[in-house]
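Report on the structure given below.
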Amino acid sequence: MASFLKKCETKFQQAAEAAEETVNLRHPSDVGEETSNVRHASGEAKRKGKGNGLLWLIAILAVAVLCTYLPTGEIVSRVVSGTATATTEKVLPIYSVETDKKVVALSFDAAWGNEDTQQILDTLKKYDVKVTFFMTGGWMEKFPDDVKKIQEAGHDLGNHSENHKNMSQLSATEIASELQEPHKKIKELTGVEMDLFRPPYGDYDNEVVNTAKSCGYYTVQWDVDSLDWKDYGVDSIVNTVVNHKNLQNGSIILMHNGAKYTAQALPAVIEGLQKKGYELVPISELIIRENYHIDHTGRQIADEEETSTTKKDSE
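Heads up, our numbering is the position in the sequence shown plus 135, with the first residue counted as 1.
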């Protein structure tokens with residue numbers, strides 16, 4: 136705990152310098168697809184912008200020029216080991232992971248109710264599947280017994296912020312506080328030191344990702360959205376996940392413990408993925424911890440190891 140708090144006391148100077156860019160892509164290949172969680176909120180809050188009106192106008196014009204002359208993939212620059220090489224580059228979270236193994240990760244965001252949590256846990260136990268739960272501090276306070284059940288069942292505990300705010304609207308200090316509070320609660324409840332963070336609504340900017348990293352967190356999004364929060368029904372959820380255009384080795388799938396049909400759809404989702412040959416693993420077992428880079432699609436890729444010949448030539 137002390138080491139975590141010490142990390143979060145950093146000035147976040149580099150993060151602050153890069154914070155002006157607030158273009159947010161839930162998944163870079165899905166530009167234009169609605170991804171705000173309308174079950175959990177009436178819609179993502181409009182960005183107020185940072186800086187004065189003139190700077191904001193300049194930023195809008197700059198983005199317009201980029202969108203006119205560059206393909207979408209080029210707007211998002213490559214990020215090396217989670218750190219931007221220049222303040223003008225977009226720092227991306229992890230959307231998926233490059234791997235030769237036929238594995239995918241299920242994840243559940245928990246911010247509101249817990250009515251179906253036990254059913255979800257029972258289903259996961261039945262299929263012997265481990266997943267990742269991203270929980271808000273408020274949810275932890277309301278349902279501490281569920282938090283303990285999740286941890287005791289062997290699932291990942293992830294940080295979903297304290298108050299489920301739009302993180303890109305916060306300062307580095309406020310972002311750190313939103314991370315610290317749930318971190319302390321989980322530590323007290325379970326003894327676990329969390330290191331996986333998912334920003335509410337998938338909302339982030341450079342400052343969010345860099346501040347989270349300073350606090351010892353990997354920021355994790357998703358490349359497969361189940362759309363369970365739209366309440367279209369069981370069949371819709373299953374078909375959306377199992378036949379998703381982005382589904383591949385290393386995919387991260389977004390679901391919600393409080394969505395209306397998720398608990399009912401979960402068995403068929405698991406079976407559908409398994410029939411396609413996928414093994415379901417928690418995000419903690421999927422991501423690369425060090426020596427990696429993130430490409431323009433948000434895919435985390437291990438850096439190639441130097442060969443002995445290369446090392447010898449460089450000496």
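Glycine residues also receive a C-beta, built at the ideal position from the N, C-alpha and C atoms.
Pairing residue 295 with residue 278 gives a Cβ-Cβ distance that is not under 8 Å.
Uninterrupted beta strand (DSSP E) stretches at least 3 residues long and entirely within the region 235 to 280 occur at 238 to 245, 267 to 270, given in chain order. Around the beta carbon of residue 345, 16 or more other beta carbons lie within 10 angstroms, which makes this residue buried. Counted as a single uninterrupted DSSP element, the stretch harbouring residue 374 is not any beta strand (DSSP E) but the alpha helix (DSSP H) occupying residues 369 to 377. Contact annotation: residue 389 and residue 360 have beta-carbon atoms nearer than 8 Å.
Of 228, 436, 406, 276, the smallest CA-CA separation from residue 373 is found for 406. Secondary structure at residue 437: strand, using DSSP grouped into helix, strand and coil. Counting only unbroken stretches of 4 or more residues, the alpha helix (DSSP H) elements lying wholly within the region 360 to 427 are 369 to 377, 397 to 410, 418 to 421, in sequence order. Looking only at 350, 413, 400, the smallest Cα-Cα distance to residue 312 is reached by 350.
Between residue 403 and residue 363, the C-beta gap is not smaller than 8 Å, which leaves the two residues out of contact. Taking C-beta atoms as the reference points, residue 285 and residue 422 fail to come closer than 8 Å. Taking a C-beta distance under 8 Å as the contact criterion, residue 358 and residue 231 qualify as a contact pair. Under the DSSP assignment, residue 294 falls in the beta strand (DSSP E) whose first and last residues are 291 to 294. Going by DSSP, residue 314 is part of the alpha helix (DSSP H) stretching over 307 to 325. Apart from the 5 residues on each side of it in sequence, residue 416 sits with its Cβ closer than 8 Å to the Cβ of 238, 239, 240, 265 in its chain, given in chain order.
Rounded to the nearest whole angstrom, the CA to CA distance from residue 263 to residue 409 is 12 Å. Counting other Cβ atoms within 10 Å of its Cβ, residue 307 reaches 16 or more and is therefore classed as buried.
In terms of CA proximity to residue 250, 398 leads the group 347, 301, 440, 398.
Under the criterion of beta carbons closer than 8 Å, residue 321 and residue 343 do not qualify as touching, at roughly 20 Å. Per the coordinates, the alpha-carbon of residue 367 lies some 14 Å from the alpha-carbon of residue 401. By a beta-carbon distance limit of 8 Å, residue 352 does not contact residue 301. Their separation comes to about 18 Å. In the structure shown, residue 226 adopts coil according to DSSP, grouped into three states.
By a beta-carbon distance limit of 8 Å, residue 288 does not contact residue 314. Their separation comes to about 24 Å. For residue 343, the uninterrupted alpha helix (DSSP H) segment begins and ends at 341 to 349. Distances from the alpha-carbon of residue 396 to those of 331, 371, 413, 411 put 371 closest. When DSSP states are grouped into helix, strand and coil, residue 336 belongs to the helix group. Our two residues, residue 347 and residue 365, have alpha carbons roughly 29 Å apart in a direct line. Cβ-Cβ distances below 6 Å link residue 414 to 238 in the same chain, with the five nearest sequence neighbours on each side left out; the list follows chain order. In the DSSP assignment, residue 352 forms no beta bridge with any residue.
Contact between residue 303 and residue 267 fails: their C-beta atoms lie close to 23 Å from each other, not under 8 Å. If the five residues before and after residue 297 are omitted, its C-beta is found closer than 6 Å to the C-beta atoms of 272, 313, 316, 317, all from its own chain and listed in chain order.
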